[in-house]
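The listed protein sequences correspond, in order, to chains A and B.
Once you know that position 94 of the first sequence is 93 in numbering that gives the first Met the number 0, the rest is easy, because the numbers rise by one and skip nothing.
Once you know that position 282 of the second sequence is 281 in numbering that gives the first Met the number 0, the rest is easy, because the numbers rise by one and skip nothing.
Just so it is clear, CB atoms sit at the ideal spot from N, CA and C, and this is done for glycine as well.
2 protein chains.
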Amino acid sequence: MKRISGGITAPRGYKSSGIKCGLKKSNNKDLALVFSEKKAQTAGVFTSNEVKAAPVILSQSRLQQNPDARAVVINSGNANACTGQQGLDDARDITALVAEELDILPEEVLTASTGIIGKPLPVDKIKAAVPKLISELSFSGKQAAEAIMTTDTFIKETAYNAELPVSGSEVTLGGMAKGSGMICPDMATMLSVLTSDVVIEQELLCEALQEAVDVSFNRISVDGDQSTNDCVFLMSNQLSNNQPIQTKNEDYKLFCKMLKKAASDLARDIVADGEGATKFITIQVKKSPTPGQARRVARQVANSNLVKTACFGSDPNWGRILAAAGAGASGIDPQITEVSINGVKLFAHGLPAKKSRGELGGLMDAEDIDIEIILNQGSHSAEYWTSDLSYKYIEINAEYHT
Amino acid sequence: MKRISGGITAPRGYKSSGIKCGLKKSNNKDLALVFSEKKAQTAGVFTSNEVKAAPVILSQSRLQQNPDARAVVINSGNANACTGQQGLDDARDITALVAEELDILPEEVLTASTGIIGKPLPVDKIKAAVPKLISELSFSGKQAAEAIMTTDTFIKETAYNAELPVSGSEVTLGGMAKGSGMICPDMATMLSVLTSDVVIEQELLCEALQEAVDVSFNRISVDGDQSTNDCVFLMSNQLSNNQPIQTKNEDYKLFCKMLKKAASDLARDIVADGEGATKFITIQVKKSPTPGQARRVARQVANSNLVKTACFGSDPNWGRILAAAGAGASGIDPQITEVSINGVKLFAHGLPAKKSRGELGGLMDAEDIDIEIILNQGSHSAEYWTSDLSYKYIEINAEYHT
């Protein structure tokens with residue numbers, strides 16, 4: 000398995016495009032299309048927020064009825080959320096037009112939106128742009144990755160290929176994503192499309208996606224907020240002609256590994272591009288009695304504004320880390336808990352390690368900060384990724400007006 | 000029942016003092032004492048954080064063994080948290096010295112600390128200051144209220160008196176508190192001492208305190224972080240000579256009302272003085288199917304960095320409010336949920352209200368922002384208080400070094 004260049008168009012049979020249709024004041028690209036030349040069985044994971052945007056409702060219902068898709072149309076600049084029946088009608092209209100122009104069925108078009116909540120989608124602008132969107136389809140994934148960005152500062156794409164051990168066929172997996180604010184575990188607010196050419200049973204495809212999301216997009220936190228529009232799609236058009244994956248054999252395991260790696264690349268990029276982020280913080284909780292407690296403790300630390308501001312200020316404040324880990328009767332025992340930052344043990348046996356200012360100086364200056372919390376109560380682990388909390392975050396979010 | 004001037008020394012028989020003993024770089028006051036001339040039955044509520052500071056462990060265990068107390072000694076500038084056996088020994092030593100100098104029993108002295116975590120308490124400085132602390136005891140509460148401050152910018156005290164309807168006696172209740180960062184529901188990180196002269200059964204005193212804390216200190220949020228040192232003490236020295244309150248009669252109800260009012264005053268002051276706060280935000284969730292859901296939804300909105308930055312930016316961003324309310328499968332139904340800001344309905348029937356920019360202009364300019372979320376699913380309510388998230392919060396917390 001190796002990382003290759005490119006993104007969603009790296010596997011065989013996918014094209015994409017990204018153009019401007021006028022939804023953004025910035026006049027940046029705002030409309031993207033991913034197209035599979037052949038029917039692709041598709042799995043989706045959607046926001047657990049009770050407030051679901053129209054495209055989420057529509058795509059979720061289409062996938063429930065029929066997992067075969069050919070295209071995903073995505074706009075940025077407007078979330079089409081809290082827009083009632085009109086929002087649903089708008090999403091249906093756009094997918095219908097895309098289907099018509101591509102000569103496929105409306106049910107084969109999925110959709111996603113990101114941007115401002117509660118404003119009617121400028122459907123006419125989008126519809127007027129659809130012919131151009133289709134005419135610009137190409138084997139490059141960059142334009143689409145750019146068109147789904149909102150406050151992102153760089154495009155996020157990744158791709159891998161590998162030879163399956165059982166069937167000997169080469170399969171490829173590509174992906175793109177956007178962040179970068181409102182990022183919280185159990186769907187960070189983000190969109191991602193993953194594409195593959197693997198031949199696999201639909202049930203296994205869904206299971207593989209959920210598993211990959213659980214250890215990637217569901218483990219990141221920028222600000223603890225969860226969006227109305229989160230979704231991840233995984234399409235597979237079966238063009239690799241591998242012996243179909245029907246059991247959890249070695250081929251399945253390798254595909255899962257690729258998928259987790261690709262989803263992790265994108266999730267890490269989202270954190271690195273978190274609004275105002277200056278640091279990439281990895282939180283590892285180890286030796287927990289249960290997986291749930293490990294996740295909970297890691298999440299509490301990842302979501303702590305005090306930990307995040309300490310990281311921004313390059314302060315090795317293990318006290319804030321320990322307090323965040325212990326909050327809300329989390330079940331940790333401070334007498335046996337150990338806290339390390341960047342490999343230096345700062346707290347153990349109920350006491351701070353004796354370190355001089357000199358020993359700690361510069362410990363947090365790096366852009367990557369690794370926080371390790373060893374609970375010494377069991378054998379389960381969890382890892383979260385988060386960014387620091389800076390002046391810039393406040394600027395971005397206080398000056399973003401509805 | 001009326002509010003009167005003063006704080007912890009407003010009821011009969013209480014004295015207090017607050018002095019400098021050299022724990023703070025700023026050289027501000029850092030050591031406080033509250034003293035009751037007569038034995039006071041005392042109730043306490045403590046942090047639910049698994050990481051409990053030494054003074055919390057000591058005071059909690061003393062109250063469990065014997066609810067009668069005579070004094071509370073509090074230092075700021077050092078939390079005496081994560082300090083192991085030495086921390087416990089230090090807390091015991093200090094209370095023993097205070098007891099000796101006051102000629103009372105060590106078990107009658109409670110203690111609390113606030114400040115930096117993980118540094119040994121400078122016991123010698125505190126011990127050297129104890130004689131002065133005692134000699135300065137007076138009927139003013141202001142010096143003590145000042146000495147417990149950390150990043151607080153103003154002292155927090157309140158007092159009420161009332162004539163009990165059944166017994167006809169006048170009772171008085173006073174209190175002080177400190178905030179102001181690391182404030183989260185289910186014990187905000189804060190300290191508070193409440194004093195009264197009421198005669199009441201110990202069990203009812205404890206119940207009254209827990210109830211008051213639940214609707215005051217447990218309903219505030221500055222940054223979602225929960226401290227290792229939270230505690231609230233309620234002392235009652237029974238000097239009012241009222242007919243003892245032994246049942247939940249009208250006297251008990253009035254006392255509870257006073258207590259809730261005083262605790263709310265202090266809790267609201269803590270939010271108003273939240274680190275970097277420029278706005279006071281009240282979140283009311285109404286018509287919820289259960290009290291737990293009402294609280295959860297209110298807390299999610301109160302803890303949302305995106306809602307808090309929108310308030311800082313004076314942006315009537317009901318979309319962020321709704322998204323925070325719906326996060327994590329909270330059980331709300333966006334089709335019937337209504338969102339208002341400062342009395343203006345912005346979202347209902349699944350759609351944003353049609354408001355012009357002119358109608359919304361200035362809606363959030365006031366310092367007080369009232370967010371109302373009506374779920375239309377039942378009859379339960381919850382209210383939370385929080386502050387906005389500003390540049391100043393980042394400055395305070397990124398530049399506070401261990």
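Distance between beta carbons of residue j and residue i, contact taken as under 8 Å
| i | j | result |
| --- | --- | --- |
| ASN236/A | LYS37/A | 5 Å |
| MET0/A | LEU253/A | 7 Å |
| GLU358/B | LYS278/B | That pair is no contact at about 20 Å. |
| LEU120/B | GLY173/B | Contact doesn't hold; Cβ gap of about 28 Å is too wide. |
| ASP196/B | GLY12/B | 6 Å |
| ASN228/B | VAL55/B | 6 Å |
Residue i, buried or exposed, once every other Cβ within 10 Å from all chains shown has been counted against 16
| i | result |
| --- | --- |
| THR8/B | buried |
| ASN65/B | exposed |
| ASN26/A | exposed |
| THR246/B | exposed |
| GLY342/A | exposed |
| PHE138/A | exposed |
| GLU162/A | exposed |
| THR385/A | buried |
| ALA127/B | exposed |
| PHE153/B | exposed |
| ARG294/B | buried |
| PRO164/A | exposed |
| GLN407/B | The structure shown does not extend to residue 407/B, since chain B is modelled only from 0 to 401, so the question has no answer here. |
| GLN84/A | exposed |
| GLY167/A | exposed |
| PRO130/A | exposed |
| GLY140/A | buried |
| LYS60/A | Per the sequence presented here, residue 60/A reads as Ser, with Lys not at that position. Counting Cβ neighbours within 10 Å, SER60/A comes out exposed, since fewer than 16 surround it. |
| ASP314/A | buried |
| GLY273/A | buried |
Sub-8 Å separation of residue i and residue j beta-carbons
| i | j | result |
| --- | --- | --- |
| ALA301/B | ILE282/B | yes |
| ALA262/A | PHE216/A | yes |
| VAL338/B | ALA323/B | no |
| PHE311/B | THR41/B | no |
| PRO333/B | GLY325/B | yes |
| ALA70/A | LEU96/A | no |
| LEU203/B | TYR251/B | yes |
| ASP29/B | ASN74/B | yes |
| SER239/B | GLU135/B | no |
| TRP317/B | GLY114/A | no |
| GLY43/B | LEU57/B | no |
| THR94/A | THR110/A | yes |
| ILE370/A | ILE335/A | no |
Assigned secondary structure, residue i (DSSP; H/G/I helix, E/B strand, else coil)
| i | result |
| --- | --- |
| ALA90/B | helix |
| ALA271/B | helix |
| PRO290/A | helix |
| PHE406/B | Here chain B has residues from 0 to 401 only, and residue 406/B is not among them. |
| GLU106/A | helix |
| PHE138/B | coil |
| VAL33/A | strand |
| PRO130/B | helix |
| GLU366/B | coil |
| GLN40/B | strand |
| LEU388/B | coil |
| GLY312/A | coil |
| ILE393/B | helix |
| GLY6/A | coil |
| LYS344/B | strand |
| VAL300/A | helix |
| ALA326/A | coil |
| ALA381/B | strand |
| VAL50/A | coil |
| ILE18/A | strand |
beta-carbon residue i near the ligand SAH non-hydrogen atom, thresh 7 Å
| i | result |
| --- | --- |
| LEU305/A | Within the structure as shown, the ligand SAH is missing, as the structure has no ligands at all. |
Q: Would you mind listing the beta strand (DSSP E) stretches within the stretch 140-165 of chain A that are 3+ residues and don't spill past its ends, in chain order?
A: Complete beta strand (DSSP E) runs here, min 3: 155-162.
Q | Sequence ranges, alpha helix (DSSP H) only - wholly within the stretch 201-279 of chain A, length at least 4 | A | List check, alpha helix (DSSP H) in window: 201-213, 249-271.
Q) Which whole runs of the beta strand (DSSP E) in the stretch 55-99 of chain B are 3 residues long or more, in chain order? A) Runs of the beta strand (DSSP E) inside the stretch 55-99 of chain B: 67-77.
(Q) Beta carbons nearer than 9 Å to chain D: which residues of the stretch 317-346 of chain B have them? (A) The structure shown contains no chain D; its protein chains are A and B.
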